[in-house]
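2 protein chains.
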Amino acid sequence: MGGTQITIPNPPPLPSHLPDNVLDLAVQIERKKLPDHVRESLRAFQRAGCYIAASMIFLRDNVLLQDELQLSHIKPRLLGHWGTCPGLILVWSHLNVLIRNHNLDMIYVIGPGHGAPAALASLWLEGSLERFYPGEYDRNATGLRNLITRFSVPGGFPSHINAETPGSIHEGGELGYALAVSFGAVMDNPDLIVTCVVGDGEAETGPTATAWHAIKYLDPKESGAVIPILHVNGFKISERTIFGCMDDKEIACLFSGYGYQVRIVEDLENIDDDLQSSLEWAVAEIKKIQKAAREDKPIVKPRWPMIVLRTPKGWTGPKKVEGQIIEGSFHSHQVPLPKAGSDEKQLQALDRWLSSYKISELLDGEGKPTEAISRGLPEPEKRLGQLKTTYDPYTPLKMIDWKQFGVEKGIDESCMKTAGKFLDKLFQENPKTLRLFSPDELESNKLNAILDHTQRDFQWDEYSRAHGGRVIEVLSEHNCQGFMQGYTLTGRTALFPSYESFLGIVHTMMVQYSKFVKIAREVPWRGDLASINYIETSTWARQEHNGFSHQNPSFIGAVLNLKAEAARVYLPPDANCFLSTVHHVMKSKNKTNLIIGSKQPTAVYLSPAEAAEHCRQGASIWHFASSPDPNSAGESVQDPDVVLVGIGVEVTFEVIKAAELLRSIAPALKIRVVNVTDLMILIEESKHPHALAKAKFIEMFTADRPVLFNYHGYPTELQGLLFGREKAERMDVEGYQEEGSTTTPFDMMLRNRCFISLLMGKYSKDSIGVAIPTPERSHRQL
Amino acid sequence: MGGTQITIPNPPPLPSHLPDNVLDLAVQIERKKLPDHVRESLRAFQRAGCYIAASMIFLRDNVLLQDELQLSHIKPRLLGHWGTCPGLILVWSHLNVLIRNHNLDMIYVIGPGHGAPAALASLWLEGSLERFYPGEYDRNATGLRNLITRFSVPGGFPSHINAETPGSIHEGGELGYALAVSFGAVMDNPDLIVTCVVGDGEAETGPTATAWHAIKYLDPKESGAVIPILHVNGFKISERTIFGCMDDKEIACLFSGYGYQVRIVEDLENIDDDLQSSLEWAVAEIKKIQKAAREDKPIVKPRWPMIVLRTPKGWTGPKKVEGQIIEGSFHSHQVPLPKAGSDEKQLQALDRWLSSYKISELLDGEGKPTEAISRGLPEPEKRLGQLKTTYDPYTPLKMIDWKQFGVEKGIDESCMKTAGKFLDKLFQENPKTLRLFSPDELESNKLNAILDHTQRDFQWDEYSRAHGGRVIEVLSEHNCQGFMQGYTLTGRTALFPSYESFLGIVHTMMVQYSKFVKIAREVPWRGDLASINYIETSTWARQEHNGFSHQNPSFIGAVLNLKAEAARVYLPPDANCFLSTVHHVMKSKNKTNLIIGSKQPTAVYLSPAEAAEHCRQGASIWHFASSPDPNSAGESVQDPDVVLVGIGVEVTFEVIKAAELLRSIAPALKIRVVNVTDLMILIEESKHPHALAKAKFIEMFTADRPVLFNYHGYPTELQGLLFGREKAERMDVEGYQEEGSTTTPFDMMLRNRCFISLLMGKYSKDSIGVAIPTPERSHRQL
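Chains S and Z, in that order, are what the protein sequence lines are.
Heads up, the first sequence is in full-length UniProt numbering, so the first residue is 1 and it goes up one at a time.
Heads up, the second sequence is in full-length UniProt numbering, so the first residue is 1 and it goes up one at a time.
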């Protein structure tokens, strides 16, 4: 009994019952024999790369094996993932040749991000670490020693690819997103090719399973291409993979069905010839498709190339240890010789393994890679670690004056319709650096003015196969998010509008991205990026037609938990504030911006100029809705009995109406109405750059009067922000509390206790000094 | 310009470049002509169903068209989704025949959950509404009137399928999960077939794209089967679908690659013959596969059947309105005649449309469905709305005494190893009603004792094709969650252990499920369900090897935002408490349980008996770690100067060590140490059933002394819970604050300010009355 019992390394999949002729779907190519000097250079890179990657996991000393290997040379704790490394290094070496042969701009997106040793070893070999970390990781014995001994040790490179890794545009953590990010990166980058390795573990994820469809949204005239390499090494951490158990017929069928031409590379004996010829084939197919499109004779449904690479997990590592198969099994996933630091037998096995690469032949006396390696490298600026697109690509948008799209104070207007017109113009001004990704909700969210001068870009659909279409609508939030990430990380700006309730689908994906950007800000050699920008509408407060399943404001919390430097949540109360906020975020940098608004026509409280000022401050006293100051025209009372605060469109409406009604039935009560549009101003001073200073907070919310917050999100979330503010016990928070159905907007407010009469009922004579009579009118009659 | 311009209804996909012979992959069957009386009955059901579904969207009066249709008969607000309804009703009618023919136990899972009118119309016709809502929706004119007029109106059925819908086991909201839920439902239900309609919109989601692989985890000996029907009607809300733009060759290829036999049903002229013959074929194929397995001659990689149903969106609805194509285009998605209540022309179009079904032929004088319809229905208990498995299926687990697995107080032990041994035994005792789903992390999470007496169940892998294997490891959290939902909703119990950081992948999916269960609790005719149970381990505090990307405790917040009746979050401080908690949740009902623990060996503070008591209370004063009461042996001080609170394994360790160090360097300081294992006890009284009463809270945390919480999750989250508790301003909260890397556990605590000396430094002489000298030793030396 027990876990998976593997009796042979790299066991072949059970054969399927598919007919033999489907194998014809797998592309056969004429395999060219590489010239000796190329093959030698490739092998030298691969051997050196594998040696360094393996050493990074094990060695804290004697990193070139110049002395006899001893237990004391082994790191006290062995950390790192070996299994995927040989395959990643193999691909890296071949991409070098490909880049040289075609003078390509190429990015290498590595799905198995725990294969950091492979990337770092390759980056050291090609001198990219030397460039970005001079004096630390130079191409000499000291630099190599630093790389190997500091890996996965505090202060050294971490075990997963992240923003500290030159050339990377993808956090190496949560699996599933490499492919969509790659497609996003090549959009509007016609000369870029991204090679994306997807591990067969990652390939089991839903996000990856649908990201294969992304070719259908790629216009070869305006965009570059992705070479996906599905790396089938057969195992996850401790179990075989789905794809490792699919035979060639199943794999050829599946990916042909997605729309690819599939090339299966599995000839281990001649892997260099096989892989390089296959990559050459892929580039030729890409050029063919691009040429046709760029000559305005586009191929309908072009079958883009992809590669399936079958190599053993932990290839070239130890074959067997203590009777257990290592190479070609899940035992090689992390540390193949876990007792190398304490067990002499394992130490010897490590010595044999590392010695097999003959590193002394590959580095010169100073520890610098020999000519056999360096002759295979592309020009520095084309190397995978040094393409500018990966580290300093930002092109700010050409902005326009938003006030010209402002609407008249006093009317009812939809925030989305107003923003749509502004964005329509912004798209016209930025035809190559701005895109919108949406899960088929643009019309429904009433942002359709965007389609006035651009179109959807869905290449498989003859009715929306628009050249230059700025809009992609695919019913996969994961694809939308992945495209946005890739597009943004390569220097452009994107927008992701969504139903409020479904943006949480990409909660953790957004967090992963934000982790990458947080570290990128700490890396001195990385430039700015546009922010990622979300618009949430069709909120719970107006989901009367779709009901309970469409009511979920939890994405606010996802953004709130990010670092304060990046986290921005805006709840503009009307169309002009919304417009001002959209304008602001589209030119902001390095943030995660969430803007929440209504698609329904709602009251416009502020003129464009007033909206600009309100948004600049993040919150303000709304004198027009408060009890007037008898001594100062246009101002409201200086010393309110109670402060009512609205945060969000519909709940602010309730606050204003509650104030109106209170004033009519209890005129003695002095009421102040405050609107908060920038949620971050509420956080305790010093905990966020937007946080109101204590004095300012007291000025707005008083020092001791009861404050009632009517909040769009979950009450406990707002309570968490207010904690630590002056006399929190005088504050009450109402908000969405997971009550809903297909019902009226009125009833939604009522069920979640955000409704006017419930707000009014919060206060007794004891708490505010004024008795409030029972209201006779509901605000619907006001 | 503008959106998608559709010039013909139901436009055919552009042809692919796949070779013609792949079309042979699409299964050809001998199509049987249905006997007239069967076809007539089918058509009667379909016509009546479509009539009622359409009327539900439009009519508030004159529901049988007995009078001339007038504007006043139209609902003031038109809500509902027509487009998917005809296809769903078509399938329903055919499943009735299939159930009768084979005496099947069948559940119908409807992915397009906004097609509630289709389900409700069918449920009324078959008498299932009458059974569960007697007197309200009876099969007579009054019942029908109620159904039609109250739909999507407060108090009536909502616009999306939910727990109020008889026969449903799936919330009709967020798309992507229908298929995985269906597979979960048939596991260990050998006689059950779930027919699952997946819309072509839903099919674009990642979760659905990988859920097709679920057949690979289905053992036909022990489990039932799913008949997936991909319903390709070509359009989402306002855009064509990916699958609508794939030709038959692409579709046949794709799903053959997944491992299915694909039957494409698209002969609209003879749709009844075509669909029924295809369903008969599917059942025959299923029986063939099951028979072989049950006779212990299992077919290797059986190719399970699936159906692709191509019908026009909004079929049988209006063809064209105001020059716009409706039937066969996205215009039929929701309300095809949006102005029917105000525009005479649209009203006439509605009249023509509704009249086309000739409802008067299908209902008798009392409004009861005629014999043509009723003769096609299965026996009541087999009807799709009345199968007991869908509404009252719960089989509680046979529980075992957990204390026999308790470990010795004082040693270091892994919570996961301890729980693994208990669960191993629990699986042995419950070989057919308990399953574990994991994204390939069982070994890594050190729960592998579970595999001592059971195995993984991965049918495509010859090495883990175990009969009766209780463990499914697939690297898709969405599949794990979907399987768990389906398994639980059909009466069994499941467990989903995960890396802490990646459980948030299913955040919104879990919320959708919880919405279903919330409503299910309010529906009198639904029985109990097991809770859904999550174990989070490999937490941020011990991700020193994987680093920043593996650090994300946000799933706590997802559970906290659920309704208090269901939300349960436990952070047991040691192995015995963990064990007690696992035991508790496995027998609990109707909850969403999240338990967080460590896989590393950590201190065992409490004996099994003490752990039981601590968990029963949810929190307690840990006298052994506090300053002793000089007057009472074994007790701690009654009047502490400060209260230190640990919530979570590693942060509690820091608290205990801080207390220890403080006591040694500032002996005058009276310290109380509290551990909270049930997070919910902290919430303000009356807001959660577990919340501590005010007096009890003060007894534990004092009325006014400084309280320092060292919390495993985000500080603002805990602050939100504590808000409203006595004198919140005396409370400080530390916790994970999104700082990390590949670094030591020590450094992780330091970076997130949860470390002992930082905890100690919180207090000045002013705040606690005792000066604390600078510590000379770190607790690592203690």
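Built from N, CA and C at the ideal position, the CB exists for glycine as well.
List the endpoints of the continuous beta strand (DSSP E) containing residue i.
i      : result
Z/G199 : 192-199
S/I264 : 261-265
Z/R435 : 434-438
Mind checking which residues open and close the alpha helix (DSSP H) that includes residue i?
i      : result
Z/A567 : Taken as a continuous stretch (DSSP letters only), Z/A567 belongs to no alpha helix (DSSP H), being part of the beta strand (DSSP E) at 567-570.
S/G257 : 248-258
Z/W304 : Element bounds for Z/W304: not the alpha helix (DSSP H) but the beta strand (DSSP E), 304-310.
S/Y487 : 477-489
Z/H231 : From DSSP, Z/H231 is part of no alpha helix (DSSP H) but of the beta strand (DSSP E) over 225-232.
S/Q617 : 608-617
Z/M56  : 36-58
S/D351 : 344-355
Candidates the options: which alpha carbon is nearest residue i's?
i      : options                        : result
S/N62  : S/N146, S/M586, S/L279         : S/N146
S/K301 : S/R492, S/K216, S/I57          : S/K216
S/L53  : S/L562, S/A494, S/V335, S/T142 : Residue identity differs from the one stated: residue 53 of chain S is Ala in this sequence, not Leu. S/A53 has its Cα closest to that of S/V335, out of S/L562, S/A494, S/V335, S/T142.
S/S626 : S/R616, S/D639, S/Q617         : S/D639
S/E685 : S/L562, S/G724, S/S767, S/D24  : S/G724
S/L175 : Z/G87, Z/S501, Z/N430          : Z/S501
Z/D138 : Z/T418, Z/T743, Z/E366         : Z/E366
Z/G257 : S/I665, S/L669, S/A728, S/V22  : S/V22
S/T195 : S/G167, S/E610, S/G173         : S/G167
Using a C-beta cutoff of 8 Å, does residue i count as contacting chain S?
i      : result
Z/L708 : no
Z/V321 : no
Z/G87  : no
Z/D61  : no
Z/G3   : Here Z/G3 scores only 47 on pLDDT, less than 50, and its place in the model is too uncertain to base an answer on.
Would you please verify whether the beta carbon of residue i is less than 8 Å from any beta carbon of chain Z?
i                      : result
S/I251                 : yes
S/H779                 : Reliability of the predicted coordinates at S/H779 is poor, the pLDDT of 43 falling under 50, and no value is obtained from them.
S/N546                 : yes
S/T165                 : no
S/D766                 : no
residue 786 of chain S : With chain S running from 1 to 782 in the structure shown, residue 786 of chain S is simply not present.
S/Y108                 : no
S/I6                   : yes
Check the DSSP bridge columns for residue i and list the partner residues they point to.
i      : result
Z/V645 : Z/V674, Z/F709
Z/I532 : Z/A494, Z/T592
S/P369 : S/L363
Z/S620 : Z/N675
S/R465 : S/D457
S/D412 : S/A603
Next item on the list: Could you run through the segment 734-759 of chain S and flag, in chain order, every residue whose CB is less than 7 Å away from some CB of chain Z?
Entry: E738, S741, T742, T743, T744, D747
Item checked: Contacting positions in the segment 718-730 of chain S - beta carbon closer than 8 Å to chain Z -> L718, Q719, G720, L721, L722, F723, G724, K727, A728, E729
Notebook entry, point to check: Given a limit of 9 Å on CB to CB distance, which residues of the segment 293-304 of chain S reach chain Z?
Noted result: I299, V300, K301, P302, R303
Item checked: Within 8 Å of chain Z by C-beta, residues of the segment 217-240 of chain S in sequence order -> K236, I237, S238, E239, R240
Checklist line | Selection of the segment 430-452 of chain Z by Cβ proximity to chain S, strictly under 8 Å | finding: D440, E441, L442, E443, S444, N448, L451, D452
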